[in-house]
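Before any comments, here is the structure.
Structure below.
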């Protein structure tokens, strides 16, 4: 197996590395991560909650709250 030095690749292909980081930091991926974590949060809460609407409401509330916080951070970042 060939050993790859990451610093050498980043130095030689700087534009490619910047594009990969730009794609990785897209808001779509962050929102998908929030959605998946909300589903996982709902699965973890399922045995603890007896009410069916709480099983859906708390993960939904978690998802919407952190999506709004993400939007606010984005607005503040654009202003500064």
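Residue numbers (the numbering used here): 1 to 80.
Ideal placement from N, C-alpha and C gives every residue a C-beta, glycine not left out.
Counting only the same chain and skipping the five closest in sequence on each side, list residues whose C-beta sits under 7 Å from that of residue i.
i         : result
residue 1 : Its pLDDT being 49, under 50, residue 1 is placed unreliably by the model, and nothing is read from it.
Are the beta-carbon atoms belonging to residue i and residue j less than 8 Å from one another?
i          : j          : result
residue 32 : residue 63 : no
residue 58 : residue 30 : no
Skipping 5 residues on each side, what residues in its chain have a beta carbon closer than 8 Å to that of residue i?
i          : result
residue 39 : 59
residue 78 : none
Quick check: does the Cβ of residue i come within less than 7 Å of any heavy atom belonging to the ligand SAH?
i          : result
residue 33 : Among the components modelled here there is no ligand, and therefore nothing to report on the ligand SAH.
Determine the closest residue to residue i out of the options, with distance taken between C-alpha atoms.
i          : options           : result
residue 28 : 80, 67, 61 and 72 : 67
residue 61 : 8, 48 and 37      : 37
Report the residue ranges of all alpha helix (DSSP H) runs contained in full by the segment 7 to 80; include only those spanning at least 4 residues, in chain order.
-> The alpha helix (DSSP H) runs lying completely inside the segment 7 to 80 and spanning 4 residues or more are 14 to 24, 27 to 45 and 52 to 79, given in chain order.
Would you call the segment 48 to 59 and the segment 9 to 27 touching, i.e. three or more CB-CB distances under 8 Å?
-> Because the criterion of three Cβ pairs below 8 Å is not met, the segment 48 to 59 and the segment 9 to 27 do not touch.
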